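These notes concern the structure reproduced below.
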Amino acid sequence: MMNARVHRVGGWTSRLIALATLALGLAASPAAWAVNDLPGGPAVNQIDLTPAATHIAEDLHWLHNYMLIICLVIFVAVFGVMFYSIFKHRKSKGAVPATFHESLAVEIAWTVVPFVIVIFMALPATRVVVAMKDTTNADITVKVTGYQWKWGYDYINGEGEGIGFVSTLDTAQRDFSDSGKPPTADDYLFKVDNPLVVPVGKKIRVITTADDVIHSWSVPAFGVKQDAIPGFVRDAWFKAERIGIFYGQCSELCGKEHAYMPIQVKVVSAEDYTKWVADQKKAIAAKADDPNKVWALDALMARGEKVYTGNCAVCHKPDGKGAGPVKPLDASAVVLSDNHLEQITTVLNGRLDKGMPSWKAVLNDTDLAAVITYTKNSWSNHTGQIVQPAEVLAARK
Amino acid sequence: MSAVLDPHGHADGHAHDDHHDHHAPTGWRRWVFATNHKDIGTLYLLFSFTMLMVGGVLALCIRAELAQPGLQFFNPEMFNQFTTMHGLIMVFGAIMPAFVGFANWMVPLQVGASDMAFARMNNFSFWLLIPAAAMLVGSFFTPGGAPAAGWTLYAPLTLQMGPSMDMSIFAMHIMGASSIMGSINIIVTILNMRAPGMTLMKMPLFCWTWLITAYLLIAVMPVLAGAITMTLTDRHFGTSFFNPAGGGDPVLYQHVFWFFGHPEVYIMILPAFGIVSAIVPAFARKKLFGYASMVYATASIAILSFIVWAHHMFATGMPVTGQLFFMYATMLIAVPTGVKIFNWLATMWRGSMTFETPMLFAVGFIFVFTMGGFTGLILAMAPVDIELQDTYYVVAHFHYVLVAGSLYALFAGFYYWSPKWTGVMYNETRGKIHFWWSLIAFNVTFFPMHFLGLAGMPRRYADYPAQFADFNLLASIGAFFFGFAQVYFFLLVVLPVMRGKGEKAPQKPWDGAEGLEWEVPSPAPFHTFEEPPKLNADATRVIG
Chain V
0 MMNARVHRVG GWTSRLIALA TLALGLAASP AAWAVNDLPG GPAVNQIDLT
50 PAATHIAEDL HWLHNYMLII CLVIFVAVFG VMFYSIFKHR KSKGAVPATF
100 HESLAVEIAW TVVPFVIVIF MALPATRVVV AMKDTTNADI TVKVTGYQWK
150 WGYDYINGEG EGIGFVSTLD TAQRDFSDSG KPPTADDYLF KVDNPLVVPV
200 GKKIRVITTA DDVIHSWSVP AFGVKQDAIP GFVRDAWFKA ERIGIFYGQC
250 SELCGKEHAY MPIQVKVVSA EDYTKWVADQ KKAIAAKADD PNKVWALDAL
300 MARGEKVYTG NCAVCHKPDG KGAGPVKPLD ASAVVLSDNH LEQITTVLNG
350 RLDKGMPSWK AVLNDTDLAA VITYTKNSWS NHTGQIVQPA EVLAARK
Chain U
0 MSAVLDPHGH ADGHAHDDHH DHHAPTGWRR WVFATNHKDI GTLYLLFSFT
50 MLMVGGVLAL CIRAELAQPG LQFFNPEMFN QFTTMHGLIM VFGAIMPAFV
100 GFANWMVPLQ VGASDMAFAR MNNFSFWLLI PAAAMLVGSF FTPGGAPAAG
150 WTLYAPLTLQ MGPSMDMSIF AMHIMGASSI MGSINIIVTI LNMRAPGMTL
200 MKMPLFCWTW LITAYLLIAV MPVLAGAITM TLTDRHFGTS FFNPAGGGDP
250 VLYQHVFWFF GHPEVYIMIL PAFGIVSAIV PAFARKKLFG YASMVYATAS
300 IAILSFIVWA HHMFATGMPV TGQLFFMYAT MLIAVPTGVK IFNWLATMWR
350 GSMTFETPML FAVGFIFVFT MGGFTGLILA MAPVDIELQD TYYVVAHFHY
400 VLVAGSLYAL FAGFYYWSPK WTGVMYNETR GKIHFWWSLI AFNVTFFPMH
450 FLGLAGMPRR YADYPAQFAD FNLLASIGAF FFGFAQVYFF LLVVLPVMRG
500 KGEKAPQKPW DGAEGLEWEV PSPAPFHTFE EPPKLNADAT RVIG
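Put into structure tokens, the structure is as follows:
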């Protein structure tokens, strides 16, 4: 019932306002900007709220129209009286001023009646507020981090957990903005490299935070706007009812590029979402250890310790002293040497004659570089040397 | 003879000629050493109009940039400086000092006092504004330009600003000190210096609204000072009130700021209510309806203004009970505000109205301010507010209450009282042109912003999607027309009356006007009510 009402009211107000606009001779001039409506984002010369894609957004549209109608009725009634008086009670029409200037009954009436009206406004709003704030029982939780000037998305719970990426405005569009003559693209200032992808019909809880200053994550079609506050987390939720792409823009002044950090949410079917998650996971695995990444000593040490404990300590012992035929690594000349190559080849190919296996096929370049760096900087070894994965990669050839 | 605007003052029955003050300053000294409430009122009004022009130029820079998509004139950093400084200058430089100027001129005249209670402090509170304004405007010329964090100066963005931020903080401290001194002066004048027989409940409503406003100012200006001082120490002295990196809370800033900021909104509108409450009865030739309820409604609005601040912060993510509380409290303000509108209508009802320029602006105020009131009520609904927060809907809303509200009331007040100030009548035709030109241009500028906001266009954006292009162009065209209307007003209405050109004003140019200001000649002599006047029973006329 609420839905039907939304559409009826929306259509009626839209038409009325469009008519008024036309009547003033201020009709749109689409020729100047040959742009089309952007589904899920703004329409050309849109005069009403963005079409709802969630029940909450529908509810708040209803609430807005309900308020607008009450306000319009009061407005017409009150100013009907005023303009009647203005035209009727004029000196030029021979009006003689009355002398009344007080009435307790009238004062009480126009205090109590508005009070009652306000209560009738507050009641439906209360229900929507409570529904909006109920972020429990979410299917998927996404952490949204505002940066100057991009959005970070991390799937932290539910299907897709572990996926994380950064979403930035298309750089060509940013350049067009500077040029002062942007092309007439329908998604001008809305196009991003990586949209947030969510399944349709699932409750998505959004946890917002920020890295630098306050930003605000907003998608009008969902009825969501939640400030992203550095050092704090806040949450909101939405459950998209239809498949499509929905747009929003940062809604809290966050510095010079404030206008250039749009939000794009791609709502897909459950199957497409599962497929997207699988693709993302594959991509993550592929990208996990880029052998050309340059590591810092402590990151490599932390990782090396794990590799050492899991693979080497059984023979070389946790203290690196070795045992029996197994050579000690602690104070070993090969380990301490400035020339990394001998140790790298030893680990890669093994010394089968002395019981050292080949690790070439077991550990990747990063793991190998980490563990070698670890041995070079543990126990009594304090070489300060770092072996980067690229060196291991080179030695493989 | 002391520096009088009109040496022929006689009708108040106790001409100033009986004490010859040979040391009264003349020339520039008259203004720098001014202790006379009328001179200081004039200074305040000229200062605020100057700042209105500066803030207006910034607004037009904003609208020029926004006339079409893409960046044509300014880079986004510059754009943010314009929006920030437009807000700060209009609020602290234009609207607030303008109302203080009206208070200086009119409060002593309306309560039958000889001057403001603390004449030298009055001088100081005005002259403090000059260095403050110089620092504020001068911040454009510091490395990195003016502050660009929005007039609300939200942390932690303010922590990234350059030295101009510190200049603006000092400027606001000084303006705050000036406001507090001005308020003390007004309160003491009203409470202690009323003519015998002028009881509080017989006092003109303009004095009542200013009395309440002055209390609001004293209550909240120190809160602003606290917020910006904490920002200052966060920036330079290693504190972390609002800096999350040190465990501070950025939202705390917003709470403190809006605890100042919401009463500030009423500081800028309550005296406007007072001006309109003087003008409507004068031109309806009928007593103000429900005088007592007007006083109580003003007081209710002032008290409620302290418990609604967080409705500016629904999008920060408050607990559900917090949202409900602030939503209900905010909606409650509609009740006393409605009472005021109804009382004005009842005053007009069965009156005998004429529509000279003051009345046009007063009726325009009631009509257009009410539209801003209704959008305020819609924004009070937390769910709708979350959809519209930080969009152009909010920009439309507060310009409807601040421009069509406060500024129109100031114009109304100027047209109503300028004959008393200058001794000549303004040009009625030009006044009417000013009114209709402003009214139409204002609505062309700001009405389309409701649509932009509903469609989701965020505020403080230097560039926007092309779907918003037409309404933005319309708003920009309207803005330039509105700006030119105010230049017209100054050159063709204000300047001539300041030069004394025009028909000589009678002592009481409005036959329905009431109050002691109409008991002194036009222009008001330099000194008025040196002896407390004897008043009639309802304290509206001098009888002896």
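Residue numbers (numbering that gives the first Met the number 0), protein chains in the order written: chain V, 0 to 396; chain U, 0 to 543.
Yeah, the Cβ is synthetic: ideal placement off N, Cα and C, and Gly gets one too.
Values in this document were obtained by computation on a predicted structure and should not be read as measured data.
Taking buried to mean at least 16 other C-beta atoms within 10 Å of its own C-beta, is residue i buried or exposed?
i        : result
V:Val141 : buried
U:Gly144 : buried
V:Ser178 : exposed
U:Val31  : exposed
U:Leu287 : buried
V:Glu270 : exposed
V:Asp352 : exposed
V:Ala330 : exposed
U:Ile189 : buried
V:Glu341 : exposed
V:Tyr83  : exposed
V:Asp47  : buried
U:Asn103 : buried
U:Thr329 : buried
V:Phe119 : exposed
V:Leu195 : buried
U:Thr82  : buried
U:His235 : exposed
U:Ile542 : exposed
U:Leu199 : exposed
V:Leu71  : exposed
For residue i, which beta-bridge partners are listed by DSSP?
i        : result
V:Trp216 : V:Gln225
U:Trp509 : Answer is none; U:Trp509 lacks a bridge partner.
V:Lys142 : V:Asp153 and V:Ile206
V:Ala235 : V:Val205
V:Lys265 : V:Val196 and V:Ile244
For residue i, which residues in chain C fall below 8 Å Cβ to Cβ?
i        : result
V:Trp236 : The structure shown contains no chain C; its protein chains are V and U.
Should residue i and residue j be called a contact, given that it needs their Cβ atoms to be closer than 8 Å?
i        : j        : result
V:Ile213 : U:Pro249 : yes
V:Ala227 : V:Thr345 : no
U:Ser177 : U:Leu231 : no
V:Asn193 : V:Val232 : no
U:Met180 : U:Ser138 : no
U:Met84  : U:Leu57  : yes
U:Leu87  : U:Ser167 : yes
V:Leu392 : V:Pro290 : yes
V:Trp236 : V:Thr134 : yes
V:Leu403 : V:Ile385 : Residue numbering for chain V in the displayed model covers 0 to 396; residue 403 of chain V lies beyond these limits and cannot be assessed.
V:Ile55  : V:Ala137 : no
Within a Cβ cutoff of 8 Å, which residues of the same chain sit near residue i, ignoring the five residues on either side of it in sequence?
i        : result
U:Thr336 : Ala296, Ile300 and Gly372
U:Met448 : Tyr391, Tyr392, Val394, Ala395, His398, Phe470 and Ala474
Using a Cβ-Cβ cut-off of 6 Å (strictly less than) and excluding sequence neighbours within five positions of residue i, which residues of its own chain qualify?
i        : result
U:Phe259 : Val219, Val222 and Leu223
V:Ala369 : Leu299, Arg302, Gly303 and Val306
U:Thr444 : Ala474, Gly477, Ala478 and Phe481
U:Arg333 : The identity of residue 333 of chain U in the sequence shown is Ala, whereas the question assumes Arg. These residues qualify, in order along the chain: Leu376.
U:His36  : Asn103, Pro107, Asp114 and Met115
With hydrogens ignored, establish whether the beta-carbon of residue i is closer than 7 Å to any heavy atom of the ligand ADP.
i        : result
V:Met355 : No copy of the ligand ADP occurs in the structure displayed, which carries no ligand at all.
With a CB to CB cut of under 7 Å and the five nearest residues on each side skipped, what residues in its chain are close to residue i?
i        : result
U:Pro142 : Gly161 and Pro162
V:Ala22  : Low per-residue confidence applies at V:Ala22: pLDDT is 45, beneath 50, and the placement is therefore not dependable, though the value from the model is reported in the following sentence. Contacts found: none.
U:Ala379 : His310, Met326, Thr329 and Met330
Legend entry - Residues of the segment 264-294 of chain V with Cβ closer than 9 Å to any Cβ of chain U, in chain order: Answer set for the segment 264-294 of chain V: empty.
Legend entry - Against chain U: residues of the segment 241-253 of chain V by CB proximity under 8 Å: Against chain U - using a Cβ distance shorter than 8 Å - the residues of the segment 241-253 of chain V are Gly247, Gln248, Cys249, Ser250, Glu251, Leu252 and Cys253.
Legend entry - Interface positions of the segment 214-226 of chain V facing chain U (Cβ-Cβ less than 7 Å), listed along the chain: The segment 214-226 of chain V vs chain U, Cβ under 7 Å: Ser215, Pro219, Gly222, Lys224, Gln225 and Asp226.
Inset, instruction - Taking a Cβ distance cut-off of 8 Å, strictly less, list which residues of the segment 31-49 of chain V are near chain U, in chain order. - result: Hits within the stretch, in order: Ala31, Trp32, Val34, Asp36, Leu37, Gly40, Pro41, Ala42, Val43, Asn44, Gln45, Ile46, Asp47, Leu48 and Thr49.
Inset, instruction - Residues of the segment 72-96 of chain V with a CB closer than 8 Å to any CB of chain U: list them in chain order, please. - result: Residues Ile73, Phe74, Val77, Phe78, Val80, Met81, Ser84, Ile85, His88, Arg89, Lys90, Ser91, Ala94, Val95 and Pro96.
Inset, instruction - Identify each residue in the segment 386-401 of chain U for which the Cβ-Cβ distance to at least one residue of chain V is less than 8 Å, and report them in chain order. - result: Hits within the stretch, in order: Glu386, Gln388, Asp389 and Thr390.
Inset, instruction - Output, in sequence order along the chain, the residues in the segment 121-150 of chain V whose CB is closer than 8 Å to any CB in chain U. - result: Cβ contacts with chain U: Ala121, Ala124, Thr125, Val127, Val128, Val129, Met131 and Lys132.
Inset, instruction - With 9 Å as the limit, tell me which residues of the segment 446-458 of chain U have their beta carbon closer than that to any beta carbon of chain V; keep them in chain order. - result: For the segment 446-458 of chain U, which is checked against every Cβ of chain V, the residues closer than 9 Å are Pro447, His449, Phe450, Leu451, Leu453, Ala454, Gly455, Met456, Pro457 and Arg458.
Inset, instruction - Determine which residues of the segment 152-170 of chain V have a Cβ less than 9 Å from any Cβ of chain U, and write them out in chain order. - result: Listed in chain order, the positions of the segment 152-170 of chain V with a beta carbon within less than 9 Å of a beta carbon of chain U would be empty, since no residue qualifies.
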